[in-house]
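Residue 286, in our numbering, is where the sequence shown stops; the numbers in between run on with no holes. Even for Gly, the Cβ is constructed at its ideal location relative to N, Cα and C. Here the structure is laid out as structure tokens; the discussion comes afterwards.
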Amino acid sequence: MSIKKVMVIGAGQMGGGIAQVCAQAGYEVYLNDLREEFVDRGIETIAKNLSRSVEKGRMTEEEKEAALERIIRSKDLQDAAHADIVIEAAVENMTIKTDIFKKLDQAAPAHAILATNTSSLPITEIAAATERPEQVIGMHFMNPVPVMKLVEIIRGLATTDEVYQAVEEMTLKLNKAPVEVNDFPGFVSNRILMPMINEAIYTLFEGVATKEAIDDVMKMGMNHPMGPLELADFIGLDTCLYIMEILHEGFGDSKYRPCPLLRKYVKAGWLGKKSGRGFYIYE
Ligand code: CAA
């Protein structure tokens, strides 16, 4: 199974990052979003990231231009007709995702793989919305995509070995490290990361320490690049709450109950870095 053309659904932080690394690795990429200005904004960020790489001497101006030229703007899911693999990075909502997958299943060629960058939704359920569940797989990139090495690869119940191998090979070509995991709530990354973040929020909620102290303990004591509260702001508090709810519902275990302070912040619209305020205030 040879992958040459990629389509990425969603030109936000994750989709844009995925399109960037694919274009840098030589793939032709259709970058799709609902509106043209979303795609334009995504490409602007990619261009900025690539310019920084040129300044740092990691790539030449020509390589940057060639990578940008490999990105094709798309507003229509029908463009999946050109793709060998589609990587969906739209919002974390099962109804929206299954609707996209149904349309992609109709539009994409029979050989195409349909991958999702979901951070916690069941791959098997997304796959069941299509007529090709054996060609559906999870490809979970980490934020910021151009920097983070890991891609968690999640097989649905029906995913074939051939599809897994093709995706693993592509991940290596993107200069990323594939790690195979099974389809369980939160997979491995968020099953471990989110309860840690939620516990840090409880630690703040219960007045054990200030936010700065909590983050300092984890940064200096555990060598984490960001403290858990700073990281929660970076990921988005709405996303953190959403994933905790999936873990709570999926396992039915009270150890995954989201901290009331997290709920309160999300209700207040304090969603972290993207909204200008979360645990910290951003200018
Ligand atoms: N896009 C592209 N490049 C970026 C970037 C972005 N958004 N943010 C930072 N970088 C680059 C910088 O340009 C810089 O590159 P150079 O070395 O070439 O200058 C490099 O990353 C380091 O950046 P900084 O020096 O500005 O800052 P830093 O050393 O503090 O690193 C960080 C920033 C890489 C984000 C680091 O703080 C870090 O690793 N944080 C933890 C991130 C993490 O845990 N991500 C996983 C989140 S969970 C997830 O994604 C899954 C989920 O489902 C929720």
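Item, Value
"Would you check whether the ligand CAA has a heavy atom nearer than 8 Å to the C-beta of Leu234?", "yes"
"Counting pairs of Cβ atoms below 8 Å between the region 128-139 and the region 194-205, do you hit three or more?", "no"
"Would you decide whether Met10 is buried or exposed? Buried here means 16 or more other CB atoms lie within 10 Å of its CB.", "buried"
"In the DSSP assignment, find the beta strand (DSSP E) that holds Ile90 and state where it starts and stops.", "Ile88 to Glu91"
"May I have the straight-line CA-CA distance separating Lys258 from Asp236, to the nearest angstrom?", "22 Å"
"Taking the C-alpha atoms as reference points, what is the distance between Leu80 and Ala132?", "16 Å"
"Grouping DSSP H, G and I as helix and E and B as strand, with all else coil, what is Lys8?", "strand"
"Around the C-beta of Ile103, are 16 or more other C-beta atoms found within 10 angstroms, so that it is buried, or is it exposed?", "buried"
"In the DSSP output, which residue or residues are listed as bridge partners for Ser77?", "Asn35"
"Grab the span of the alpha helix (DSSP H) containing Gly19 for me, first residue to last.", "Gln16 to Gln27"
"Is Ala115 helix, strand or coil when you go by DSSP?", "coil"
"DSSP beta-bridge partners for Gly141?", "Thr119 and Ile157"
"At the level of alpha carbons, what is the spacing between Arg135 and Asp108?", "7 Å"
"Which residue or residues does DSSP assign as beta-bridge partners of Pro181?", "Val154"
"List the whole-angstrom C-beta distance separating Cys262 from Phe208, where the pair is believed to meet the contact cut-off of C-beta under 8 Å.", "6 Å"
"Apart from the five residues just before and just after Arg155, which ones in its own chain have a Cβ nearer than 6 Å to its Cβ?", "Arg is not the amino acid found at residue 155; the sequence shown has Glu there. Within the same chain, Glu155 has close Cβ partners His143, Val182, Val184, Phe190 and Ser192."
"Taking all protein chains shown into account, do 16 or more other C-beta atoms lie within 10 angstroms of the C-beta of Leu285, making it buried, or fewer, making it exposed?", "Residue identity differs from the one stated: residue 285 is Tyr in this sequence, not Leu. Exposed, by the Cβ-count rule."
"Within 8 Å, do at least three Cβ pairs link the region 16-33 to the region 166-178?", "yes"
"Could you spell out where the alpha helix (DSSP H) holding Leu175 opens and where it closes?", "Asp164 to Lys176"
"Return yes when the C-beta of Leu194 is under 8 Å from any heavy atom of the ligand CAA, and no when it is not.", "Going by the sequence as given, residue 194 is Arg instead of Leu. It does not: the Cβ of Arg194 is nowhere closer than 8 Å to a heavy atom of the ligand CAA."
"Is the beta carbon of Val57 sitting closer than 9 Å to the one on Glu66?", "yes"
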